[in-house]
Each structure stands twice: as structure tokens, then as C-alpha cells.
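Numbering (our numbering), first residue to last: 1 to 711. Built from N, CA and C at the ideal position, the CB exists for glycine as well. Heads up, the thing below is written out as C-alpha cells.
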Amino acid sequence: MSKFYLTTAIDYVNNRPHLGTAYEKVAADVIARYQRLCGVPTRFVMGNDEHSQNVYQRAQELGIEPLAFCDRMEAEFRDVWQRLDISFDDFIRTTQPRHREAVTRLVSRIAEAGDLYEGDYEGWYCVSCESFKPEKDLVDGRCPIHQREPEWLKEKNHFFRLSRYRKPLLDHYAANPHFLEPEIRRNEILRLLEAGVEDISMSRAGQLWGIPLPANPASVVYVWADALINYASAVGYGTDEELFERWWPADLHVIGKDITRFHCVVWPAMLMSAGVPLPRQVFGHGWVHWKGQKMSKSLGTAVDPLEAAERLGPDPLRLYLTREIAFGQDGDFTWDRFEERYNVDLANNLGNLVSRLASMARRYRQGRLVSPAAPPGPLAEAAAAAVADYRRAMDAFALHRGVAAAFDVVDRANEFITASEPWVLARDPERAADLDRCLYDVGEAVRIAALLLTPFMPGSCREVLRRVGETRDAGALQLDRDAVWAAPPGAERTVQAGDALWPRIEPGKPAPGGAAAPKRTDPATRLSPTLVRDSGAGRAARAAVPDEEQSVPTRERSAVTREGRESMSEDERPGRAAEAPPATEPAAAEAKPAPAPPEAGTARISFDEFMKVDLRVGRVVQAEAVPKSKKLLRLEIEADGVRQVIAGLARAYSPEALVGRHVVFVANLEPARLMGLESNGMVLAAVDANGEPVLLAVDDPARASAGARVR
RNA sequence: GCCGGCGUAGCUCAGUUGGUCAGAGCGAGCGGCUCAUAUCCGCUAGGUCCGGGGUUCAAGUCCCUGCGCCGGCACCA
């Protein structure tokens with residue numbers, strides 16, 4: 001591969017980036033840096049998704065231009081990414097002219113291919129979701145996610161003929177087994193494709209904030225389609241053919257696992273339609289959860305994950321995110337765990353190793369180590385094995401295993417020191433060569449470990465390399481050439497002493513709240529002063545954003561799950577392409593003629609057959625909502641006894657309203673399980689025009705009481 | 001309900017395409033060293049890799065099934 005172009009999802013700018021977002025950027029950055037370490041020309045692009053109605057509305061509330069608001073947020077995002085040492089090569093914003101050009105071009109191509117058609121759509125639209133909501137999804141007329149009243153919109157939309165690409169997509173998946181990873185995600189998409197996909201709406205009418213639809217400038221390109229195209233526009237699609245030829249197709253899209261449908265169904269279909277080559281691979285990563293941390297700004301218990309970077313340094317956070325969480329799976333972040341990993345990996349192992357080496361080098365050899373003629377010790381072999389493991393893991397995006405391999409070298413080195421007992425060798429002049437061998441080898445092992453860890457902890461590793469006498473610029477080092485054991489006789493290295501790289505911290509001290517946390521020196525500062533940017537600008541930018549910025553509806557979306565842990569995933573990413581409507585977009589589905597109502601009595605049954613149905617009057621003695629269910633009620637119905645029946649009445653009837661009522665139900669229906677509950681019967685109801693149930697009433701319950709036969 | 005995931009040492013979790021995979025870290029216990037950030041090194045956990053079948057010369061690792069959690073989609077029995 002002659003180049004590597006990778007991207008992350010672009011982010012909505014409603015809120016500041018949080019840990020979940022940061023996780024994605026860090027992981028992608030590690031991959032980008034690894035590619036560079038391998039000597040592959042790499043282009044790493046991130047950016048912001050700005051054409052959201054939320055942005056427009058927020059700007060109006062603030063009395064500023066939307067673009068000014070986006071500028072402000074961009075500064076904030078960039079500040080965060082800088083503080084995490086994210087090495088993106090370009091930062092795209094969907095409001096930029098180059099993006100507008102690209103979107104216009106790509107959508108035009110799709111139209112030219114005959115894949116865009118006009119259709120009417122009307123329905124409830126939740127601005128916070130940026131998507132249409134089927135009536136059935138509303139709770140008390142509100143969006144269940146945002147507790148917000150949707151708007152009734154009727155508009156002419158342009159639909160993308162996604163359905164046409166079902167087969168081509170399936171073929172593509174068959175021909176490219178690694179197009180989507182990890183495998184679980186691939187299987188999900190495959191099933192989805194096999195089940196069939198609907199055309200989806202690609203435009204919004206009457207919007208001011210967005211990119212005009214070429215075919216109908218009164219509309220704008222739907223924000224999700226707009227957002228996806230960023231990957232192409234960032235490398236010059238429609239504006240810089242040379243750049244585009246150089247980098248496209250993308251080699252990897254790093255995205256959250258929930259937006260795989262967009263990136264693995266819609267996006268490739270759009271590209272197919274427009275005649276643009278498909279990206280080579282998509283990786284859907286998992287979520288970072290907060291455990292035991294209920295975020296609440298008002299209670300002052302909110303934790304800004306980026307505070308972690310400020311507290312222990314960006315590199316320890318980067319290490320945590322990539323080492324503790326198997327890439328592709330979900331993981332947890334807790335302060336305790338974070339500090340534990342910091343102490344174990346950095347303070348006790350790597351940091352202490354560097355420290356003990358420096359100390360011995362200075363004490364026994366005035367800091368100057370020379371490789372003796374004797375052959376290298378066992379560390380050489382261990383390092384070679386680790387490098388091999390590392391490469392294998394990194395090439396497969398098994399970031400967590402890649403770091404583990406690097407730390408294996410650290411462990412081996414610590415063990416080696418203990419086994420060699422250099423302090424004993426130092427007392428015996430006859431064994432000077434053994435001591436030289438030992439110290440030089442440890443230095444070499446540290447050098448290689450630091451080299452391998454460079455993608456994960458760039459700033460720290462630069463310093464570690466410097467301390468073990470690496471004089472070349474860290475950015476110039478390459479795996480092939482430099483991750484090999486190099487200790488020829490006579491080779492020299494000067495070990496530099498210095499303060500503890502990562503001072504050990506006492507467990508349990510720093511309170512998650514932050515304010516109470518002991519102030520400690522930022523290790524990154526001592527590691528590399530240039531690494532840590534002055535965050536003053538960032539703070540100013542933050543301060544400029546009104547506080548309610550944090551607690552807008554999007555905040556409430558972070559539903560606390562039953563364990564009280566909070567998902568930091570897409571639920572909390574208010575913006576992003578991720579939040580665009582699902583692939584089986586309701587808008588599209590409903591654009592088609594509604595399915596005909598079920599024909600009544602097409603096939604007739606005999607009287608005997610009918611008589612098999614045991615219809616009874618029953619009295620509801622108890623009723624309650626079925627947890628997690630939108631429509632189901634759990635009823636206890638008295639007839640010939642009391643039985644449990646699960647009925648889909650919740651939308652039309654409250655449990656209280658049912659207790660005491662007499663209903664008609666099928667008594668001899670075979671049991672069924674709904675939502676895990678057994679239902680023994682079926683309550684009869686008529687269905688109104690909206691599909692809502694209307695219970696059948698018993699005219700005179702006194703005469704036809706519970707248990708009475710119905711015929 | 002459908003689809004998927006998970007269920008591995010006290011705790012938190014790793015375990016690519018089946019064969020040193022029965023592991024790591026933390027915690028606990030014992031011991032060693034002193035170069036080091038009271039750090040490091042070694043030993044100790046007798047884990048039915050959720051239960052039950054099956055495929056295989058060989059299965060945490062594949063198939064079926066049961067149970068328990070979790071997620072998405074469902075939800076008018």
C-alpha cells in the first residue's frame with residue numbers, strides 16, 4: 001500500500017467533545033501514527049459536522065451567525081484534540097466551500113445516475129434527533145428521546161434509491177470480507193442487507209442552513225448525506241483532482257459501532273451511484289462507559305473526561321483508552337482504574353525502569369554505556385518476538401494487543417535486571433564486560449519499547465528515547481529499520497538522567513469531582529514542554545459558550561441504564577452523522593403508499609372452527625405497564641380464575657383506567673411470551689383509524705359477569 | 001419474541017484462523033533483591049473457561065441446547 005488515508009467520524013458541534021468522542025480520535029490517531037512509523041505516507045482527517053438544525057437554532061438563540069457559532073466550536077474542538085496530541089493532517093468543516101463543492105458534485109452525480117427522485121413526505125420531525133418520527137414512536141406526543149414536541153412537517157423530499165444497491169452491496173461484501181470490521185458488525189450489516197433496505201430521504205425542504213440540493217435549491221441536502229461526503233471532500237473531491245487521485249479511496253474509516261449502517265450501507269451505495277471507488281475498510285469501535293459515575297452538572301458530579309488528560313497527562317489517558325479497551329469492544333473508564341493503570345504501567349514499570357537504568361548508568365558508567373564484544377543477552381530475542389507480536393496485532397487493529405506486546409519488552413527488561421544483578425557485577429572489576437552487556441541491553445530494550453509505544457504515547461516516548469540516548473528525531477524513526485536490536489560491539493549510548501517521568505500517585509486520592517483532586521505536576525509538562533499547549537485559549541473558548549450549551553436536550557439523551565452506568569456512545573453524541581436517521585428511515589418507508597389494511601375475512605372458516613375459539617368476559621383485577629415496553633400492559637384478568645394476559649393497550653389506555661373493567665378476551669389461546677412475560681389470552685379490541693385499540697365493552701356486566709361465554 | 005453480544009481465577013478483564021490457552025493486572029499470602037518513583041523479581045489462587053449434549057486425534061476457541069445478564073429491533077396472542 002503506497003499510502004494510508006484514514007478518517008474519523010465528524011462531530012456535531014452542539015457540545016464539547018467528551019470521552020467517547022475522544023476515544024475514537026485517540027484510537028484513530030494511534031493507527032495513523034503507527035502507519036507513519038511503518039513509513040507509509042499517511043493522511044489523517046477529522047472534522048466537524050456543522051449543518052445541523054440545532055446549530056442554526058442555537059446560533060439564533062445566541063444572536064450570532066451560525067457560522068460564527070461553528071467557528072467558536074471549532075476552536076474548542078481543536079483545542080481539545082491538541083491537548084490529546086491528536087495528529088490530524090487536516091480538519092474539515094462541512095461549512096467550508098470545498099465541502100459544498102464536493103456535496104454539490106456528488107449529489108449531482110447521484111441524480112444523473114437516476115438515483116434521486118421526488119416524493120412527498122409528511123410526518124413528525126424531531127429537531128433534536130434530526131429525523132422523522134413515526135407516530136408510534138411518540139410518547140404523549142413527544143419524542144421519547146428528547147422529551148421534545150416534534151414538528152409536523154409536510155414537504156417534498158428527494159429520495160435516494162438505496163434499494164437499488166442492495167445486491168451490489170452484498171456482492172461487495174462477499175468480495176471484500178474485511179470491508180467492515182470487527183466481524184460482529186459485518187454480520188449485522190449483512191443481515192440488514194439480506195432483509196432489504198428502503199430508499200431514504202436525502203433532502204430537507206425549506207431549510208436555510210445547509211447545502212442547497214442541486215436539483216432543487218429550495219431544499220438542502222439532508223445533514224447525514226452532507227456529513228458522509230466529508231470524507232471525499234477532505235481530499236479534494238470536486239475541487240482538487242490531484243489531491244483526490246493521490247488519497248482516494250480512503251483506506252479506513254474509524255467510526256462508532258452504531259453508525260456502521262450509514263458508513264457501510266448508505267455511504268458505499270452513494271459512492272457506487274456516483275461512480276466513485278469505495279473506501280477500503282470501515283472499523284466500528286465500541287463505547288467507553290462510565291461506571292458508577294452518574295453525570296449531573298447540577299449536582300456537581302459531572303466529570304469532564306478531558307480532565308483526565310490534564311490530571312495525569314494526555315499520554316496516560318491515551319494509553320488507558322487503547323490498552324484497557326479491546327479495540328472493537330466496549331470498555332469502562334473509571335478514575336480508580338485509570339490511576340491503577342498509570343501506576344502499574346507507567347510509574348512502576350516503564351518509568352521506574354528508565355529510572356533504574358539511568359541511575360545505574362550514571363553510578364557505574366558515568367552515563368556512558370558501551371556495547372561489549374560479547375553477544376547480546378536474552379533481551380534481544382525477547383524484543384524481536386515482541387516486535388513481531390506488535391506488528392501482527394497493530395496490522396489487525398488489535399491496538400490493545402499491540403501495546404501489550406510493547407510492555408512485554410518492559411517486563412522482560414525488569415526481569416532481566418533482577419536476574420543479572422548489575423549491582424553485584426559492579427563490585428567485581430573482572431565482570432565489567434558483563435555489566436556493560438547488561439546495561440547496554442537494557443537500554444536497547446527500553447529504546448525498542450519506546451519506539452513501539454510511540455503511536456500510543458508520542459510525547460512521552462520522545463522523552464524516553466532521548467533519555468536512553470536516541471539522538472535522532474523521533475519522527476524520523478521507522479519500524480523496519482529501527483525496531484531491530486542494535487548493539488554491535490563498540491556501540492555507545494549516553495543515558496540522560498531526569499525527574500521521574502510519571503511520579504507514582506497514591507490511590508484513591510483524586511476525587512472524580514476534580515476540584516478536590518490534589519494538584520500535581522502534569523507529567524507531560526515535564527516530559528515535553530512543547531507538547532502541552534497553553535490551554536488558555538481553549539478555556540476562553542469554552543467560557544464563551546453559554547453554560548446551557550451543556551445541558552440542552554442532547555444531554556438528557558444519555559439515558560442511564562439500569563446499572564446506573566452511562567453510555568458514552570452515540571446516545572451522547574448529539575450530533576454526528578451517527579444521529580441521522582437509521583438506514584431504514586421512516587421517512588422513506590412512509591413515502592410509499594401505506595400498506596393496505598388487512599382484508600377482512602378473505603378466507604372463511606366453518607362454524608365448528610369458530611366454536612373452537614373460547615371467548616369470555618373477564619374482569620380486569622390488576623393492570624400495570626410492562627417495563628421497557630411502549631405498548632404492552634400486563635393484566636390480571638378474572639374469569640374462570642385469574643390469569644395473566646399481556647395486551648398491547650398501553651398507548652390508548654392507562655393501567656388505572658382498566659382495573660375493574662369488563663373486557664372480552666380469547667380464553668383458550670395458546671400461551672405466548674411477550675417481553676418475557678407469559679400471556680394467557682388475548683383481549684379483544686377494535687382498531688381505530690390510527691391503529692389504536694378500542695376496547696370492546698360489555699353492555700351489562702351485571703348479567704354477563706366475569707367468565708361468561710361470548711358467541 | 002426476533003437478531004446479536006456476554007457469562008474465563010476474589011475483583012476487572014485478555015484470549016487472531018480449534019492443538020504449551022488455562023492467562024494478565026489488581027487484591028491477598030509468603031519469600032528475594034536493593035539499581036530504582038516503598039519501586040522490581042520469584043512463589044502461592046488448586047479457576048467444572050455458565051450447565052448439558054455434539055463434531056474432532058484435539059474446543060473457552062466450532063455446532064445444538066438450557067439458564068442468567070446486556071444491547072438493537074420488535075411489542076397489539
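Only buried fits L633, as 16 or more other CB atoms lie within 10 angstroms of its CB. With contacts defined by Cβ atoms closer than 7 Å, Y125 and V288 do not form a contacting pair. Taking the C-beta atoms as reference points, W209 is found no nearer than 7 Å to H18.
Taken through DSSP and simplified to helix, strand or coil, V645 comes out as strand. For S203, the enclosing beta strand (DSSP E) has its first and last residue at S203 to A205.
Nearest to V410 by C-alpha distance, out of A445, V55 and V663, is A445. Counting C-beta atoms within 10 angstroms of its own C-beta, K167 has fewer than 16 neighbours from the protein chains shown and is therefore classed as exposed.
Counting along the chain, no alpha helix (DSSP H) covers A486, and no H or E run does either. For D71, the secondary structure class from DSSP, reduced to helix, strand or coil, is helix. E636 and V642 have their C-alpha atoms spaced approximately 6 Å apart. Comparing C-alpha distances from R164 to each of M270, V45 and E310 shows the shortest one belongs to M270. Distances from the CA of M202 to each of A419, V223, G196 and M360 were compared; the closest alpha carbon is that of V223.
Counting along the chain, the unbroken alpha helix (DSSP H) around Q57 starts and ends at Q53 to L62.
According to the DSSP assignment, H285 belongs to the beta strand (DSSP E) that extends over V282 to H285. Residue burial is scored here from C-beta neighbours: K154 has fewer than 16 other C-beta atoms within 10 angstroms and is therefore classed as exposed. Here the alpha carbon of V40 sits roughly 9 Å from the alpha carbon of A32.
Residue environment for A657: exposed (fewer than 16 other C-beta atoms within 10 angstroms of its C-beta). Short of 6 Å from the beta carbon of R619, and not among the five residues preceding or following it, lie these beta carbons of its own chain, in chain order: E638, H662 and A706. About 4 Å separates the beta carbon of G47 from that of I10, a gap short enough to meet the 8 Å contact definition.
In terms of Cα proximity to R504, the closest of R365, H158, D614 and D345 is D345. For F283 against V254, the beta-carbon gap comes to about 5 Å, under 8 Å, which counts as contact.
Straight-line measurement puts the Cα of W152 at about 27 Å from the Cα of T94. In this structure, G377 lies near D441, with their beta-carbon atoms less than 7 Å apart.
Contact annotation: the region 356 to 366 touches the region 422 to 436, with at least three C-beta pairs closer than 8 Å. Distances from the CA of G286 to each of F333, V276 and S219 were compared; the closest alpha carbon is that of F333. Between L321 and V26 the beta-carbon gap is near 5 Å, inside 8 Å, which marks them as a contact.
Between the region 336 to 355 and the region 385 to 402, the count of Cβ pairs shorter than 8 Å is below three; the stretches do not touch.
Under the three-state reduction of DSSP, G459 is assigned to helix.
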